[in-house]
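Report on one structure; see the data block that follows.
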């Protein structure tokens with residue numbers, strides 16, 4: 062039984078009407094304290110409140126989904142069914158598991174405590190025509206990834222795609238969804254992930270009859286293999302089923318609900334504030350599920366409603382972070398620049414961010430800044446000379462500068478700075494190719510992609526780590 066349900070017996074009425082301090086305890090209070098509370102209430106000392114029992118580290122933690130930007134050896138490979146021979150599958154899957162380990166090590170070094178693993182980590186894993194026995198064939202690679210996950214302590218999750226629909230009226234679609242969910246659960250089990258590693262699923266379609274669709278979903282969840290059901294979490298969507306719907310099914314099936322803030326803004330229930338529904342969602346989590354999770358994203362400016370932004374904008378993010386008001390939870394950022402926004406949000410909310418940490422971040426952005434504006438480049442250098450540079454000032458200037466156009470002469474200036482790291486390592490033919498591209502930059506930016514490809518090739522060839530860590534090549 063969840064401590065939420067224990068607390069319902071301790072505090073009269075509905076727990077969601079209790080003080081927030083009490084609601085926060087619902088996800089972390091041990092049974093011993095629960096029993097003590099029962100005793101205290103029994104003897105009448107209801108004013109006595111237990112000490113807060115929380116998690117170590119930040120109260121609000123941020124992570125990213127599936128891919129990284131600017132992290133060497135962390136890119137995933139894909140394969141089509143036509144090319145999915147045993148040899149090709151083995152090569153791609155081995156590469157992807159090594160990439161997963163690179164991501165986990167990166168997260169640990171970058172202080173990112175949670176990440177979502179791509180469903181394509183094992184391509185075509187649940188496809189009926191793919192017979193690759195990944196658990197057997199990748200035994201050693203999975204053991205290595207399992208050790209890395211245990212060593213780094215990163216919280217992982219997975220999120221099957223839009224075609225994994227558990228409430229479809231078509232039985233063949235449901236069967237494929239069950240196969241896909243079984244793969245996801247099997248992969249997390251193979252990594253040795255604990256119960257906090259959730260499989261996130263939308264409720265599915267309405268099919269013209271919401272009540273029947275929800276009833277079908279409930280029945281199909283109850284019929285899932287236990288290994289799948291133990292990891293499943295349901296998320297509200299932006300069009301059909303809101304957080305109230307998700308909580309209703311989670312309550313019937315004993316599952317925790319993922320509250321998606323952006324989806325909620327587009328598809329809210331008819332009553333209740335965002336805080337109210339967030340707290341209701343948090344109450345659905347039991348200790349064995351890990352910290353409560355929510356999803357956060359922002360609208361792409363000028364895009365269709367529901368499209369995710371390129372990056373997490375600082376102003377709106379800080380308002381959101383402040384609105385969480387001391388709750389203890391994990392936040393998955395759904396944004397196109399992935400880990401970059403995760404680092405940004407962590408730095409913006411770190412109370413004791415050092416100058417060295419911000420200087421390391423500047424080293425990744427500096428040539429992106431320089432190719433846009435010399436004055437901004439100089440402003441960053443001056444900012445970082447302060448004893449305690451301000452992360453908000455830093456990221457505000459990053460956002461402003463990256464919105465500016467790249468101009469040819471400034472792009473050449475930045476490229477020549479980068480060229481200085483590898484010019485003595487290049488062969489005569491490589492020098493000729495780079496210098497030709499740099500010369501063309503004086504008249505425009507058409508040759509910039511070619512120049513960057515040549516410079517990146519040299520950095521990779523000669524293992525110039527400082528350049529490989531730079532975002533100059535990836536944004």
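Residue numbers (my numbering): 62 to 536. Where is the CB? At the ideal position from N, CA and C, for every residue including glycine. The structure presented is a predicted model; accordingly, all values stated were derived computationally and were not measured.
Pair within 8 angstroms by beta-carbon distance, residue i and residue j
i, j, result
"residue 392", "residue 122", "yes"
"residue 390", "residue 406", "no"
"residue 462", "residue 434", "yes"
"residue 516", "residue 495", "yes"
"residue 502", "residue 520", "no"
"residue 177", "residue 220", "yes"
"residue 292", "residue 249", "yes"
Classification of residue i by the beta-carbon crowding that lies within 10 angstroms, buried from 16 upward
i, result
"residue 295", "buried"
"residue 357", "buried"
"residue 486", "exposed"
"residue 359", "buried"
"residue 324", "buried"
"residue 232", "exposed"
"residue 398", "buried"
"residue 73", "Reliability fails at residue 73, whose pLDDT of 39 lies under 50, so the model's placement of it is uncertain and no value is given."
"residue 141", "exposed"
"residue 473", "buried"
"residue 332", "exposed"
"residue 197", "exposed"
"residue 557", "The structure shown does not extend to residue 557, since the chain is modelled only from 62 to 536, so the question has no answer here."
"residue 351", "buried"
"residue 488", "exposed"
Residue i versus the options, residue with shortest Cα-Cα distance
i, options, result
"residue 422", "131, 127, 346", "131"
"residue 384", "408, 349, 424, 334", "334"
"residue 201", "179, 190, 252", "252"
"residue 207", "513, 234, 225, 247", "247"
"residue 187", "283, 158, 224", "224"
"residue 214", "166, 342, 189", "166"
"residue 191", "235, 238, 276, 143", "143"
"residue 147", "239, 193, 290, 376", "193"
"residue 347", "402, 318, 220, 446", "318"
"residue 281", "297, 230, 301", "230"
"residue 452", "436, 416, 205", "416"
"residue 536", "470, 442, 432", "432"
"residue 371", "355, 343, 402", "402"
"residue 538", "507, 508, 534", "Because the chain spans 62 through 536 in this model, residue 538 falls outside it and cannot be assessed."
"residue 137", "153, 149, 124", "153"
Straight-line gap, residue i to residue j (C-alpha atoms, nearest Å)
i, j, result
"residue 126", "residue 345", "23 angstroms"
"residue 326", "residue 299", "8 angstroms"
"residue 304", "residue 320", "7 angstroms"
"residue 400", "residue 227", "30 angstroms"
"residue 113", "residue 387", "Residue placement at residue 113 cannot be trusted, given a pLDDT of 30 that sits under 50; what the coordinates show is reported in the next sentence. Spanning the two alpha carbons is a distance of roughly 12 angstroms."
"residue 283", "residue 314", "7 angstroms"
"residue 277", "residue 261", "18 angstroms"
"residue 128", "residue 449", "32 angstroms"
"residue 133", "residue 483", "18 angstroms"
"residue 119", "residue 269", "44 angstroms"
"residue 413", "residue 419", "11 angstroms"
"residue 88", "residue 216", "Its pLDDT being 40, under 50, residue 88 is placed unreliably by the model, and nothing is read from it."
"residue 511", "residue 531", "17 angstroms"
"residue 459", "residue 210", "32 angstroms"
"residue 156", "residue 505", "38 angstroms"
"residue 236", "residue 514", "45 angstroms"
"residue 168", "residue 523", "25 angstroms"
"residue 438", "residue 353", "40 angstroms"
"residue 263", "residue 508", "44 angstroms"
"residue 497", "residue 455", "35 angstroms"
- Task: Only counting runs of 3 or more residues, tell me where the beta strand (DSSP E) segments fall wholly within the region 280–330, in order along the chain.
- Result: 293–296, 318–321
- Query: Which whole runs of the alpha helix (DSSP H) in the region 344–373 are 4 residues long or more, in chain order?
  - Reply: none
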